[in-house]
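**Q** My questions all concern the structure below.
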Ligand SMILES: Nc1ncnc2c1ncn2[C@@H]1O[C@H](COP(=O)(O)OP(=O)(O)O)[C@@H](O)[C@H]1O
Ligand SMILES: [Mg+2]
């Protein structure tokens, strides 16, 4: 069973009288443990795709199965628990909660589902160590650099041990050196801890790091729809 | 459990300036509500005391049926004005003094002119025991007050002016004329010795004479039309009333000051309406301030709300978070405002406030006070009101769609 399986997913927005089609029938399969990059120019539908996969938005048409469960028709408020348990989010503009310090931001998704105590605190410290935030545990977001904030967001995405971490252009607001560090961190987490990442970018440089690339253009996937194809592509790439 | 209250507190403390402005609005609103209540309490207490110790006494005894015919001042419906009868009344616990009065309609005759006048005949010594405030309302009337001149008469300032104008035209002394108990017109010479200030709304053409003069004039020796009764504690009035009625029997009717001075009761209920309207206006203004603050906060925190929803916070929790924040501000502002209002009231209470009641020309000192229960009530109203007025902003927050919330700002 695939972790993510999209079939014929369409998404259109009504803008006044005109209909903007953001996704024109996307098929996509993601397996556990993959590190997939969705690549495409601005406006190609990356955010729309990730929002649907992240259960934040609903497809206009088509089917979406997450971990074997049909999600397509459910409202996002109904899906609060699904998001909380199965998905971690990393955003372009970090989206930390300003009144909470680093530890509190990291533990937030667990606290809202009722966890607490020493066990959680130990997990938070472990994750903070994994992402290199140990010296900043008591800092508020506005006391951190962009790279540090994104590390907090990564730690927050990981604390619930989700099946899938979605990162929508996580490096877009970072300088290139910091971007590389953040990408290296996510790659390491994928390699060492088996975290499944789906990562969107319009930065061609990121390609170098990617293990699987899905190309999206004008709301349609033009390359890399399923994992098998990706493997073939990778084999080809390594053969050359 | 997800500690919403703690998060709410942090959010309240986060935009200090805005929180302070909202708190200031609540402080002023609640402060005004408490202060106005305090002023009104003080005013009403003074008004009641003024009436009880300046006009009506705590209780009055009449002949059965007198009050129904009070406009005719019927002299035939009279009561004994004798030491024996007073003793019977004074035997009731809490009664401290009894004073007789005869109310009658008369005329003052000066030369060829006659002026109609409403008369009260009193026993000055007893009257001032029951109505001590009244003593101060008599200006230059020493000869009336201490009994130095037996036929002394005092009249209201207005009346005094009219009489003085007439007196200038004649050499004859003024005479008080009235139909006696049998309906025969008779007269007594009087000496105008002073004036009577009004200490509340009431008859403007009023005169006072000693009761022995009136008893002679009206052929009512040993009688009065009403007896005024003073008690040692206003709160005991209902009990005293019942005991007195039982002791005197159905031939007499015992009334409390509230039944006599209906205008005070009416004025009090009108003032209550004003206090409530003013309080409601201030409450509404400050709660609109809270609603505005919450709405601004929701708009500002769109992205944060989207983030919370993305990581799994349900809509109901978002509503709860904003309601917590509003209730916190409401309770805090309410407590601050109530404290300030209570302090202002306490200070005015110690200092005393000189006021003149409408329809009166005798200033009195009032001492504002508030009941602790009112303060508790106001704080509760501020907090629940803030909660109610935050419902809409909180609902707006919960309706945000994270997709759009996260994209914005
Ligand atoms: N809420 C919306 N209303 C109308 N059009 C939208 C909305 N969100 C996205 N779109 C449109 O859908 C297309 C895809 O957008 P998006 O998924 O944000 O692309 P990307 O993330 O690749 O830049 C764009 O043409 C964009 O203008
Ligand atoms: Mg995008």
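Protein chains in written order, with the numbering used here: chain A, 45 to 284; chain B, 56 to 464.
Backbone N, C-alpha and C fix where the C-beta goes; we use that ideal spot for every residue, glycine too.
1. What does residue 457/B touch in chain A if you count any residue whose Cβ is under 8 angstroms from its own?
2. How would you label residue 397/B, buried or exposed, when you count the other beta carbons within 10 angstroms and need 16 or more for buried?
3. Where does residue 135/B fall in DSSP's three states?
4. Can residue 152/B and residue 184/B be called in contact, C-beta distance under 8 angstroms?
5. Please work out which residues of its chain come closer than 6 angstroms, Cβ to Cβ, to residue 64/A, disregarding the five sequence neighbours upstream and downstream, and give them in chain order.
6. Using a beta-carbon distance below 8 angstroms, is residue 375/B in contact with chain A?
7. Cβ of residue 60/B versus every heavy atom of ligand 1: is any distance shorter than 7 angstroms?
8. Strictly under 8 angstroms for the Cβ-Cβ distance: is residue 75/B near chain A by that measure?
9. Give me the subset of the segment 356-383 of chain B whose CB atoms are less than 8 angstroms from a CB atom of chain A, sorted by chain position.
10. Counting only the same chain and skipping the five closest in sequence on each side, list residues whose C-beta sits under 6 angstroms from that of residue 331/B.
11. Judging by CA-CA distance, which residue of 382/B, 303/B, 451/B and 448/B is the nearest neighbour of residue 437/B?
12. Residues of chain A with CB under 7 angstroms from residue 70/B, in chain order?
13. Does chain B have any CB closer than 8 angstroms to the CB of residue 153/A?
14. Just to confirm my understanding: we take residue 240/B, look at its own chain, exclude 5 residues before and 5 after, and list those with CB closer than 8 angstroms. What are they?
15. Under a three-way DSSP split, which group does residue 394/B fall into?
16. If I measure Cβ to Cβ from residue 98/B and keep anything under 6 angstroms in the same chain, skipping five residues before and after, which residues do I get?
17. Between which two residues does the beta strand (DSSP E) carrying residue 164/B extend?
18. Just confirm the distance between the C-beta atoms of residue 399/B and residue 90/B, as a whole number of angstroms; I'd bet it's less than 8 angstroms.
19. Out of 224/B, 460/B, 309/B and 215/B, point me to the one whose CA is closest to residue 43/B's CA.
20. So if I measure from each beta-carbon to every heavy atom of ligand 1 and keep distances below 6 angstroms, which residues remain?
21. Which of the three DSSP states, helix, strand or coil, is assigned to residue 58/B?
22. Does the beta carbon of residue 387/B sit closer than 8 angstroms to a beta carbon anywhere in chain A?
23. CB residue 161/A to CB residue 133/A, shorter than 8 angstroms?
24. Could you check which residue in 357/B, 336/B, 377/B and 362/B has the C-alpha nearest to that of residue 349/B?
25. Show which residues of chain A have a CB atom less than 7 angstroms away from the CB atom of residue 461/B.
26. Can you tell me the Cα-Cα spacing of residue 109/A and residue 266/A, whole angstroms?
27. Quick one: measure Cβ to Cβ for residue 177/A and residue 195/A, integer angstroms, because I've assumed they're closer than 8 angstroms.
28. With which residues is residue 49/A paired in a DSSP beta bridge?
29. List, in chain order, every chain B residue whose beta-carbon is nearer than 8 angstroms to that of residue 125/A.
30. Pick from 84/A, 60/A, 52/A and 83/A: whose alpha carbon is nearest that of residue 70/A?
31. Checking contacts by CB at 8 angstroms: is residue 65/B closer than that to chain A?
32. Is there at least one non-hydrogen atom of ligand 2 closer than 7 angstroms to the beta-carbon of residue 212/A?
33. Looking at the C-beta of residue 62/B, does it have a partner C-beta in chain A at a distance below 8 angstroms?
34. Measuring straight from C-alpha to C-alpha, what distance separates residue 62/B and residue 319/B?
35. So, does the CB of residue 217/A fall closer than 8 angstroms to a CB anywhere in chain B?
36. Chain B partners of residue 156/A, CB-CB under 9 angstroms?
**A** In brief:
1. 100 and 120
2. buried
3. strand
4. yes
5. 57
6. no
7. no
8. No, residue 75/B lies away from the interface with chain A (no Cβ there is under 8 angstroms from its Cβ).
9. Only 358, 359, 361, 362, 363, 364, 365, 366, 367, 368, 369, 370 and 372 from the segment 356-383 of chain B bring a Cβ to less than 8 angstroms from some Cβ of chain A.
10. The answer is none, since no qualifying residue turns up.
11. Nearest C-alpha to residue 437/B: 382/B.
12. Ordered by position in chain A, no residue passes the 7 angstroms Cβ test against residue 70/B, which lies about 10 angstroms from the chain.
13. Residue 153/A counts as touching chain B.
14. 232, 233 and 234
15. helix
16. 421
17. 150-165
18. 5 angstroms
19. Since the first residue shown for chain B is 56 and the last is 464, residue 43/B is missing from the structure and cannot be characterised.
20. 57/A, 59/A, 64/A, 66/A, 84/A, 86/A, 87/A, 88/A, 89/A, 90/A, 91/A and 92/A
21. coil
22. Not a single C-beta of chain A is nearer than 8 angstroms to the C-beta of residue 387/B.
23. It is not a contact, given that the beta carbons lie outside the stated cut-off.
24. 377/B
25. Residues of chain A passing the Cβ test: 135 and 139.
26. 21 angstroms
27. 5 angstroms
28. 73/A and 109/A
29. Listed along the chain, the chain B residues whose CB falls inside 8 angstroms of the CB of residue 125/A are 367.
30. 52/A
31. yes
32. yes
33. yes
34. So the two alpha carbons sit approximately 52 angstroms from each other.
35. no
36. 57, 363, 366, 367, 368, 369 and 372
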